[in-house]
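Q:
Number of protein chains: 4
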Amino acid sequence: MSGNSIGQRLVLTSFGESHGKVVGSILDGCPAGLEIDETDIQKMLDQRRPGQSIITTQRKEEDRVEIISGVFRGFTTGAPITMLIWNGDQKSKDYENLMTLLRPGHSDYPAMIKYNQYNDHRGGGRFSGRLTATHVMGGAIARKMLKNTLGIETNSYTSEIGKIKMNQEFNNDMVKSIYDNDVRCPDKETAMKMREEILKAKKEGDSLGGIIKSITTNVPVGLGEPIFNSLESDISRAMFSIPSVKGVEFGSGFDGAKLKGSENNDVYSVKNGKIITKTNNSGGILGGISNGMPITVRVAFKPASSISKKQDTIDIKTKKPATLQVKGRHDPCVVPRAPPVVDSLISLTLADHALMSGMIKPVL
Amino acid sequence: MSGNSIGQRLVLTSFGESHGKVVGSILDGCPAGLEIDETDIQKMLDQRRPGQSIITTQRKEEDRVEIISGVFRGFTTGAPITMLIWNGDQKSKDYENLMTLLRPGHSDYPAMIKYNQYNDHRGGGRFSGRLTATHVMGGAIARKMLKNTLGIETNSYTSEIGKIKMNQEFNNDMVKSIYDNDVRCPDKETAMKMREEILKAKKEGDSLGGIIKSITTNVPVGLGEPIFNSLESDISRAMFSIPSVKGVEFGSGFDGAKLKGSENNDVYSVKNGKIITKTNNSGGILGGISNGMPITVRVAFKPASSISKKQDTIDIKTKKPATLQVKGRHDPCVVPRAPPVVDSLISLTLADHALMSGMIKPVL
Amino acid sequence: MSGNSIGQRLVLTSFGESHGKVVGSILDGCPAGLEIDETDIQKMLDQRRPGQSIITTQRKEEDRVEIISGVFRGFTTGAPITMLIWNGDQKSKDYENLMTLLRPGHSDYPAMIKYNQYNDHRGGGRFSGRLTATHVMGGAIARKMLKNTLGIETNSYTSEIGKIKMNQEFNNDMVKSIYDNDVRCPDKETAMKMREEILKAKKEGDSLGGIIKSITTNVPVGLGEPIFNSLESDISRAMFSIPSVKGVEFGSGFDGAKLKGSENNDVYSVKNGKIITKTNNSGGILGGISNGMPITVRVAFKPASSISKKQDTIDIKTKKPATLQVKGRHDPCVVPRAPPVVDSLISLTLADHALMSGMIKPVL
Amino acid sequence: MSGNSIGQRLVLTSFGESHGKVVGSILDGCPAGLEIDETDIQKMLDQRRPGQSIITTQRKEEDRVEIISGVFRGFTTGAPITMLIWNGDQKSKDYENLMTLLRPGHSDYPAMIKYNQYNDHRGGGRFSGRLTATHVMGGAIARKMLKNTLGIETNSYTSEIGKIKMNQEFNNDMVKSIYDNDVRCPDKETAMKMREEILKAKKEGDSLGGIIKSITTNVPVGLGEPIFNSLESDISRAMFSIPSVKGVEFGSGFDGAKLKGSENNDVYSVKNGKIITKTNNSGGILGGISNGMPITVRVAFKPASSISKKQDTIDIKTKKPATLQVKGRHDPCVVPRAPPVVDSLISLTLADHALMSGMIKPVL
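Residue numbers (the numbering used here), protein chains in the order written: chain A, 1 to 364; chain B, 1001 to 1364; chain C, 2001 to 2364; chain D, 3001 to 3364.
#1: Please confirm whether C:Arg2298 and C:Lys2213 have their CB atoms less than 8 Å apart.
#2: Tell me which residues share the same chain as D:Ser3177 and place their Cβ nearer than 6 Å to its Cβ, disregarding the 5 neighbours each side in the sequence.
#3: The stretch 1101-1132 of chain B: which residues have C-beta closer than 7 Å to a C-beta of chain D, in chain order?
#4: Are the CB atoms of D:Leu3010 and D:Leu3146 within a distance shorter than 8 Å?
#5: A:Glu249 by DSSP, collapsed to three states: which one?
#6: For the alpha helix (DSSP H) that contains C:Thr2132, what are its first and last residues?
#7: Who are the neighbours of B:Gly1358 on chain C, taking C-beta pairs under 7 Å?
#8: Just tell me which of B:Asn1171, B:Tyr1157 and B:Ala1079 has its CA closest to the CA of B:Asp1180.
#9: Given 8 Å as the limit, is there contact between the stretch 2029-2047 of chain C and the stretch 2134-2141 of chain C, that is, 3 or more CB pairs closer than that?
#10: In terms of alpha-carbon separation, which member of B:Leu1355, B:Gly1210 and B:Leu1324 lies closest to B:Lys1246?
#11: I'd like to know if the stretch 63-76 of chain A and the stretch 2021-2031 of chain C are in contact, where contact means that at least 3 CB-CB pairs between them fall below 8 Å.
#12: Can you tell which of C:Cys2030, C:Asp2206 and C:Met2356 has its C-alpha closest to the C-alpha of C:Lys2327?
#13: Does the CB of B:Asp1063 have a neighbour CB from chain D at under 8 Å?
#14: If you reduce the DSSP assignment to three classes, tell me which class B:Phe1170 lands in.
#15: Whole angstroms is fine: what's the gap from A:Ser107's alpha carbon to B:Met1359's?
#16: Can you tell me whether D:Pro3321 is buried or exposed? The criterion is at least 16 other CB atoms within 10 Å of its CB, across all chains shown.
#17: Is B:Asn1281 near B:Asn1264, with beta carbons less than 8 Å apart?
#18: Closest to C:Leu2364 by CA distance: which of C:Thr2013, C:Gly2029 and C:Gly2033 is it?
#19: Just the C-alpha distance for B:Ile1346 and B:Leu1150, rounded to the nearest angstrom, thanks.
#20: According to DSSP, what are the bridge partners of A:Gly416?
#21: In angstroms with no decimal places, state the Cα-to-Cα distance between B:Gly1283 and A:Glu204.
#22: On the CB-based measure, 16 or more other CB atoms within 10 Å of its CB, does A:Ser53 come out buried or exposed?
#23: Cβ closer than 7 Å: which chain A residues qualify as neighbours of C:Phe2228?
#24: Cα-Cα, which of D:Ala3238, D:Lys3258 and D:Asn3229 is closest to D:Thr3134?
#25: According to DSSP, is A:Phe240 helix, strand or coil?
#26: Can the beta-carbon of A:Ser305 be found closer than 8 Å to that of A:Pro110?
#27: Less than 8 Å between CB atoms is the rule here; does A:Pro340 satisfy it with respect to chain G?
#28: Rounded to the nearest angstrom, how far is the Cβ of D:Ser3230 from that of C:Phe2240, given a contact under 8 Å?
#29: Grouping DSSP H, G and I as helix and E and B as strand, with all else coil, what is C:Gly2105?
#30: Quick one: grab the DSSP three-state call for D:Asn3181.
#31: Spatial neighbours of A:Ile307 within its chain, please: CB distance less than 7 Å, with the 5 preceding and 5 following residues excluded, ordered by chain position.
#32: Any beta carbon of chain C sitting closer than 8 Å to that of A:Gly247?
#33: Within the 8 Å Cβ cut-off, does C:Phe2301 reach chain D?
#34: Following the continuous alpha helix (DSSP H) through D:Val3221, name the residue where it begins and the one where it ends.
#35: Taking the CB atoms as reference points, tell me whether B:Tyr1268 and D:Gly3078 lie closer together than 8 Å.
#36: Which parts of the stretch 1064-1089 of chain B are runs of the beta strand (DSSP E), unbroken and 3 residues or longer, counting only runs that do not cross its ends?
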């Protein structure tokens, strides 16, 4: 399937190019009978949209979603749901001069070699972060499906930007604060520091990375298939499809590797008649299967490769050293736009597993 | 496919149970014309086999591979290659008393719920680390295929055990030293410290986690499909299929998230007429596609959940608190056995992509 | 994938509804570097389009294709190619009164049950013959790919309409005559008889079935995978995706079942240094693999179920007998519109196999 | 997947070679909790086994199935069920001299080219009819699953051998008579004539083809996915995986193509409160979905290509004409051995669809 589709029973196919006519997606396998319309999707797209504040790119992308198939009289029909965003504001000329000077950290060199120059390189083409809008279109539907059927809900927030870190433990009361600020960090004070850090990097013509943390609540026991479709396998596959993601961990993750078994094991207990664990170092997943505790994931984003600062590079034609200065309007930090993308991909993965395991039926 | 198969053109299917008759695998899609026999596979299985030293489990698993289809006159035929290891030494009775006391950190609770008690729980059944032998059987073939055709080679080693860390940068000269000691750390001195740490944990009835680092060399530019089958997506999916893995990162990974773009971007250069980057923070992958630099992955293993130390838990029948002491012969640390497993799964992933991209042909 | 996608390396996904906004398709896995534009696709769509003559439906469907992704500067990029036809002339009201009276031979009863009333029933929805336009969009690209790379060419024609049969053996000179008349039968005289037969059925408010024969030439030896992806398996699967198809046979097919081995076996011979068979009872396929002879397929179409003649049926609400008269503009015979659909689906299947076997590369 | 696997939720993978160590299969995706043991499978294998009478090959194949994974304490666990038949009686030398003389109608020429001589040609290797035993192993489980859960049952019988045809309409009372004779025709008198015809062909060193008819009863409304996974698409794909099958039709099939819509449409009626159709020209499938009537399929088998009669051919080395006389023990007619194979593949397909549609749950 060449990388454009994900899922087994609930399949998202992404299409379109950053500076082409359209970006779009098909969600296939969505159960019939789910009430859905464009506003459900638009809400999440708006959370991802750039041009919202001075810390993100100044491109104006209206990102208006149009459903063109699979929904009839306000309900899904069981047929593929096709969604389009027509591309508007593009400045492809900004990119033309990049063609021979390789941009450090960017996909254009391997893409050029792989596709023998046929690749649509404008604005990053298929490799652009803009394509994450296609994940959000499908993800918004998956998210609603999970909430309406099993009560499952994924919420992601900015946990670190560069060296600034939110130190408080996340709790469910914070959910409603995530979108209160433009860095998507539920702690107001940390958010302000992050914002300053981003503006500083922007002024320097540089960029910052960061970490998104995601928590999924109300997960039933038994989602996930052992071995190659473990929840961790499928969620990580989805996470690494986001441009700039270079690390994924569940529960105690890399830190857990330094602990002893007696420290890292989560002790079972009973609360209100329900089996829980006292800690959640497992991140809600044991043997690849959900154990009923919240699923916690941390996702590391590298700093965006497109920076306006001068960089050393080579000219691919002459193979000689050269100096590059990337123009165009770029995000100094993509992390604040990532929470709805992470929400979407985790929701898609869990909904796919819920369909596979029979917890959600093909017709609602 | 319910979690038992991985790959698109080169498909590994794993079957069998830890204490059943057999563990086995099928490698389907292997090109015709590859010279292969049991010794190629046995060598990697032996690297993974327990009972080799006092730091691993004392179970004696001979792990003798038998190829029962797909090879004719010493060459692959293009048909599915089926490989079996007949299980010998099993002590299932050790596990019988665990049935009602939930083992912290272990898959048996979610598995019991998911499969409504039909799960073969003996020795962990499908969830046992023993099943990684099935990955190695297929991986050994993929590894040979990559080496013989494109010269690609993956080498993995133990980089951290608990709080002990190898500080030296890995270089290719270290490859031959990895299997010189039973912790699989190429630095002799660090290896000795790791060994002591493991023995200490063993004595305490506890377990340790750690980190495997993997380096793949001679990777051509252009392996990987954008978005959902990015190399990072497919490699991470494979990594998280290994029991106990809770984190995966590429190149600068989580640390890179703290850097600025100007620091993390790898500057291009030319060496002997070949385009390289001066640093390798990308871990050899840009936009999901290999850029010709070594692919570097770090994989975090939690400490094994099965420990002989007493643990608090509950009895699932009575839902009352209970104390658990797990018997049986367990690894105090599974990390030293993981390098051939990581090698195998990365080799399988890269060989699959090499077939998809036409770099390896369906008939050699 | 719920029935909307076909192919392994070259994947066609169909979407849209007969009376929805759009019918469309995505062709994923098409090699980069194929020169393509809308006119290549439009030509085949025009061959399928209704409203061309008095023997087909009087709906005016302009069927104007628009490529919205995957093509850049006139060449495919390797990204998904998305194609749309915006629906124009729809008279959904014609169908409203059908909701409770079951139409004999039509999909609406099982579809209503399967989708619990959420199905978009207007104009047949996903089940409409109109959806074959989505196959043609992808098929036109596959057909061009096969011709430009391997010289493979599929041509299909109307061989029988009701009881009227073309008796002449097809030869390659007839290819250019297929589209000379509106029944798509290369023999002029037979074509006239078929035309009369259709007009007669139309006048009676009835419909006719028929048989399409398809011949593919210049097929290399070795296309096809044994067993479940035999060429026959994959071509038949594609053929039966066409509404109204109820039978498929290759070479001597059902008649061959009456012959002896010594009669049905095709004797090998050498012609101009090339190995051929003197007869072609195998239809060019042995053991599921092409043997270099033309691939011949016969496809049986039932008479269209939608007829304006009065029919007995039941009312699904009352479960009482009722009389039904289907209004709307229907084809008295769909067979004349089927040749480009059959060409498309066979081309898609063969192109998929050519990619799988490495005969066509992922980048041209 | 290169042709060795079929199914989406219930996946059969076939492996092994006719004259290799083993033929085997894996059934993956079978729900946990189905009671199964070797005798369930052995019964159907015995119906397929050769050496049962003088009309089939005299090879003695004991075909003793062994389940080596996926069943625990008599019930399926949800893990892959692996089944083996160790090959015994093989006379590979009989085939050695065939290597340069091409056998008319046989797969060896295209296989030799496709696999560049690496193919295991002994006894037909992967292309041998012997491999249908792997379908039966999985099919026996699917058949039991369908019967125990939904009451669905497929029964197939020999309807034609060469020019001898059973003229009676099949009815359910005949089910128990199918295996009363060695041609598997429920009409005793016709069976005797068929038997004579086969013995006559055998004496002549020739072979016969024939037709299997299959009826599936108790099918619920709503099995099947529209378009590319229509029941007809998926059943035909499975049927054409059987060696020698060259035609498949549903309901009135090719004959229906000669009828008018008013003749071929099945009129709805109500019987005991259940919606039925008065005739069953649709073969129980409308729009690719089951309509609750019995699913009827006719499958055309060509006469076996391996005959002992002298045949003209060419020598592939010299490309000169030659005369061939095939030795070895072959079936003069494979049709009598096909009913359990057809039963198996239809059962596998329907069980897969029942799982996809949620009619059978992943845990029973």
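Beta carbons are placed, not taken as given, at the ideal position from N, Cα and C, and that holds for glycine.
A: Answer, in terms of the structure:
#1: yes
#2: Pro3186
#3: Tyr1115, Asn1116, Tyr1118, Asn1119, Asp1120 and Arg1126
#4: In this structure, D:Leu3010 does not lie closer than 8 Å to D:Leu3146 by Cβ.
#5: strand
#6: Residues Thr2132 to Thr2149.
#7: Gly2358, Lys2361 and Pro2362
#8: B:Tyr1157
#9: yes
#10: Of the candidates B:Leu1355, B:Gly1210 and B:Leu1324, the one whose C-alpha sits nearest the C-alpha of B:Lys1246 is B:Gly1210.
#11: Result yes; three or more Cβ-Cβ pairs closer than 8 Å.
#12: C:Asp2206
#13: no
#14: In the structure shown, the three-state DSSP call for B:Phe1170 is coil.
#15: C-alpha of A:Ser107 to C-alpha of B:Met1359: approximately 20 Å in a straight line.
#16: exposed
#17: Yes, they are a contact pair.
#18: Ranking C:Thr2013, C:Gly2029 and C:Gly2033 by CA distance to the CA of C:Leu2364 puts C:Gly2033 first.
#19: 15 Å
#20: A query on residue 416 of chain A cannot be resolved here, the shown segment of chain A reaching from 1 to 364 and no further.
#21: Cα to Cα, the separation comes out at about 26 Å.
#22: exposed
#23: By Cβ distance, chain A contributes nothing, its closest Cβ being about 18 Å from C:Phe2228, past 7 Å.
#24: D:Ala3238
#25: coil
#26: Taking 8 Å as the Cβ cut-off, A:Ser305 and A:Pro110 do not qualify as a contacting pair.
#27: Included in the structure are the protein chains A, B, C and D, with no chain G among them.
#28: 6 Å
#29: coil
#30: coil
#31: Gly205, Asp206, Ser207 and Val326
#32: no
#33: yes
#34: Premise fails: D:Val3221 is in no alpha helix (DSSP H) and is neither H nor E.
#35: Contact: no.
#36: 1065-1069 and 1081-1086
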